[in-house]
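**Q** Each residue of the sequence shown is one higher than the one before, starting from 19 at the first, in the numbering used here.
Think of the CB as a built atom: it goes at the ideal place given N, C-alpha and C, for glycine as much as any other residue.
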Amino acid sequence: MSVAKIQGKKMFLAGEWVHRHRLIEVRDPKDNSLITTVPAAGANDVLYAIEEAKEGAKIAAAMPVHERIAVLNRAADRIAANKEEYALTIAREGSKTIKEARKEVARCIETLRLSAEEARRINGETIPFDQMPGNENRIGYYYRFPIGIIAAITPFNDPLNLVAHKVGPAIAGGNAIIVKPATVTPLSALLLAEAFDQAGLPPKVLSVITGYANEIGDPLVTHPDVRMISFTGGMSTGEAIARKAGLKKIAMELGSNSPVIVLSDAEIDDAVESTVSGAFWAAGQNCLGVQRVYVEEAVFEEFKEKFVERTKQYRIGDKLLEDTDMGPMITDKEAIRVENWVNEALDKGATLLCGGKREGAFYMPTVLTDLPDNCTLAKEEVFGPVVTLYPVRDLNEAIQESNRVHYGLQAGIFTRDLEKAFEAIQRMEVGGIMVNDSSDYRIDAMPFGGVKGSGLGREGIKFALQEMTEPKVVCFKLAKNKL
Ligand code: NAP
Numbered sequence: 019m020s021v022a023k024i025q026g027k028k029m030f031l032a033g034e035w036v037h038r039h040r041l042i043e044v045r046d047p048k049d050n051s052l053i054t055t056v057p058a059a060g061a062n063d064v065l066y067a068i069e070e071a072k073e074g075a076k077i078a079a080a081m082p083v084h085e086r087i088a089v090l091n092r093a094a095d096r097i098a099a100n101k102e103e104y105a106l107t108i109a110r111e112g113s114k115t116i117k118e119a120r121k122e123v124a125r126c127i128e129t130l131r132l133s134a135e136e137a138r139r140i141n142g143e144t145i146p147f148d149q150m151p152g153n154e155n156r157i158g159y160y161y162r163f164p165i166g167i168i169a170a171i172t173p174f175n176d177p178l179n180l181v182a183h184k185v186g187p188a189i190a191g192g193n194a195i196i197v198k199p200a201t202v203t204p205l206s207a208l209l210l211a212e213a214f215d216q217a218g219l220p221p222k223v224l225s226v227i228t229g230y231a232n233e234i235g236d237p238l239v240t241h242p243d244v245r246m247i248s249f250t251g252g253m254s255t256g257e258a259i260a261r262k263a264g265l266k267k268i269a270m271e272l273g274s275n276s277p278v279i280v281l282s283d284a285e286i287d288d289a290v291e292s293t294v295s296g297a298f299w300a301a302g303q304n305c306l307g308v309q310r311v312y313v314e315e316a317v318f319e320e321f322k323e324k325f326v327e328r329t330k331q332y333r334i335g336d337k338l339l340e341d342t343d344m345g346p347m348i349t350d351k352e353a354i355r356v357e358n359w360v361n362e363a364l365d366k367g368a369t370l371l372c373g374g375k376r377e378g379a380f381y382m383p384t385v386l387t388d389l390p391d392n393c394t395l396a397k398e399e400v401f402g403p404v405v406t407l408y409p410v411r412d413l414n415e416a417i418q419e420s421n422r423v424h425y426g427l428q429a430g431i432f433t434r435d436l437e438k439a440f441e442a443i444q445r446m447e448v449g450g451i452m453v454n455d456s457s458d459y460r461i462d463a464m465p466f467g468g469v470k471g472s473g474l475g476r477e478g479i480k481f482a483l484q485e486m487t488e489p490k491v492v493c494f495k496l497a498k499n500k501l
């Protein structure tokens, strides 16, 4: 089908739905077929969105909390009423199967409802100024006010809910927000904008600008009127943005190569089920995805056999079929990168337990062991369906190995021994640790984010709302001392 015959989508610019002459083709990764087009925004569109957002920020800040709550809940209602359309959009433009996509939609609704609830709790505190001698006649408090214009830059792998994780708290906090979604998956973000438009969000408060990072990234990131960048994506992109951003707040949700520890007293079948799912969710393109599994030697063989057997049962194929477990990677190029990393590991001595094959963008769920330290897979985030099993002597070795990377988002440990669980909780360098679950566990209300190269700041609505508001101190000087 030629582009001209397709009814292209518009982008959402300061409350208006607009076309642009230049187009970006949105393709289904399963076979590279064209789904539709979106405008290729230019730097001028970004500058316009920022200019309008200055007014939008005033409008948003002036919206009473009950109106913010109502808009957020109405947007959630719209999504709930059309949830299959949202799920199909996620599944078509991205990597997720329809079952995975439905879960993302349910989480997005939850994210917006949580944002509505948290808007009620933007609290301050009174300040006992008289703790400092000479201030007996002062009384005051701080409250939180909106930060202003927020730029949200989002990745392809959760194209709806990760956008909602920025838009929801931004609106709850009374800010204007400009979203730049991943170029390969802009449609879910545009559908989210549609929900807010229909929910009655005032114009100029939200823009969703579709465009290539190398054309619209810098104007958005470097603009002095943007007060905060909320970024989710890869570590090197995050670092590049941080270098350019200048004097503004930055929140960074970056990647990881998450570890899971399985001790010999663990429920092995539970650990296998949970780590297989955590490794291959969204074809392994998941910031929390299980990449490294450290298993105590006493149960290594049993765990390995069961893990490989379960992996081989995975059904790979058409994302829209109900019984498909795993779809393609986001592009052929990404699948080729993963293939190269695995081949490099095999060349250097790794053992392939299953998988290791590619067809187009489909990369088969792959399990390795004997991975040498000097290959890319051992150090970097694979962001694909590849997991490595390591035998370890004991918990101490497992923790040391887990920490030996420059990432630290989440981890998991399977054990029935409370002392050992607590030791891992204390020593593992991560933003979250799941006991008797894999690293791939999250609800939208919990603080979420990483240490080391995995990020700065926390999302999770209550926590994002803190980042997206600033305290303002108020102090009254009285003529007389306090009573
Ligand atoms: P990416 O390549 O870093 O891209 C993320 C976003 O940044 C895209 O919208 C991209 O636009 C944009 N971008 C790229 N270069 C930019 C620049 N110089 N200035 C401004 N924007 C720029 O990441 P991805 O491949 O989409 O996503 C995968 C990564 O995200 C993985 O590392 C994963 O772990 C991480 N992630 C982290 C979390 C978390 O919450 N911690 C959640 C999900 C994913 P274009 O699409 O136009 O290039």
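1) By Cβ distance, which residues of its chain are closer than 7 Å to T433, with the 5 residues on each side in sequence left out?
2) Please specify which runs of the alpha helix (DSSP H), each continuous and at least 4 residues long, are wholly inside the stretch 176 to 219, giving them in chain order.
3) At a threshold of 6 Å, does A482 count as lining the ligand NAP (C-beta to nearest heavy atom)?
4) Under three-state DSSP, which class holds F481?
5) Distance check for R40 and A22, CA to CA, integer angstroms please.
6) Under three-state DSSP, which class holds Y408?
7) How do the stretch 108 to 116 and the stretch 455 to 467 stand: do at least 3 beta-carbon pairs fall below 8 Å, yes or no?
8) Is it the case that the CB of I171 approaches a heavy atom of the ligand NAP more closely than 6 Å?
9) Rounded to a whole number of angstroms, what is the C-alpha to C-alpha distance between S20 and N50?
10) Within 6 Å: the Cβ of I259 and any heavy atom of the ligand NAP?
11) Are the stretch 154 to 173 and the stretch 128 to 135 touching by the rule of at least three beta carbon pairs closer than 8 Å?
12) Roughly how many angstroms lie between the CA atoms of I348 and G307, to the nearest whole one?
13) Just to confirm, is the Cβ distance from Q428 to V405 under 7 Å?
14) For T250, count the other beta carbons within 10 Å of its own beta carbon; 16 or more makes it buried, fewer makes it exposed. Which is it?
15) Around the C-beta of G235, are 16 or more other C-beta atoms found within 10 angstroms, so that it is buried, or is it exposed?
16) Assuming T144 is part of the beta strand (DSSP E), what are its boundary residues?
17) For R328, which of C126, K480, F298 and S420 has the nearest alpha-carbon?
18) What separation, rounded to the nearest whole angstrom, lies between the Cα atoms of I196 and I116?
19) In the DSSP assignment, find the unbroken alpha helix (DSSP H) run with E70 in it and report its ends.
20) Distance, Cα to Cα, G475 vs E485?
**A** The short version:
1) Contacts found: L281, D283, A284 and A439.
2) Runs of the alpha helix (DSSP H) inside the stretch 176 to 219: 179 to 190 and 205 to 216.
3) No - the ligand NAP has no heavy atom lying nearer than 6 Å to the Cβ of A482.
4) Helix.
5) At A22, the pLDDT of 43 sits below 50, so the modelled position is not reliable and the matter cannot be decided from this model.
6) In the structure shown, Y408 sits in a strand (DSSP, three-state: E or B).
7) The stretch 108 to 116, when compared against the stretch 455 to 467, does not touch it at the 8 Å Cβ threshold.
8) Yes, the beta carbon of I171 sits closer than 6 Å to at least one heavy atom of the ligand NAP.
9) Residue confidence for S20 is low, a pLDDT of 38 falling below 50, so the modelled location carries little weight and cannot support an answer.
10) Taking non-hydrogen atoms of the ligand NAP into account, the C-beta of I259 is found less than 6 Å away from one of them.
11) Not touching, per the Cβ criterion.
12) Straight-line Cα distance between these residues: approximately 15 Å.
13) Not closer than 7 Å, so no.
14) Sixteen is the threshold: when 16 or more other Cβ atoms of the shown chains lie within 10 Å of the Cβ of T250, as they do, the residue is buried.
15) Flag for G235 reads buried.
16) Start and end: E143 to I145.
17) The shortest C-alpha separation from R328 is found at F298.
18) Between the alpha carbons of I196 and I116 lies a distance of about 28 Å.
19) Segment A61 to A80, the alpha helix (DSSP H) holding E70.
20) The alpha-carbon atoms of G475 and E485 are separated by roughly 8 Å.
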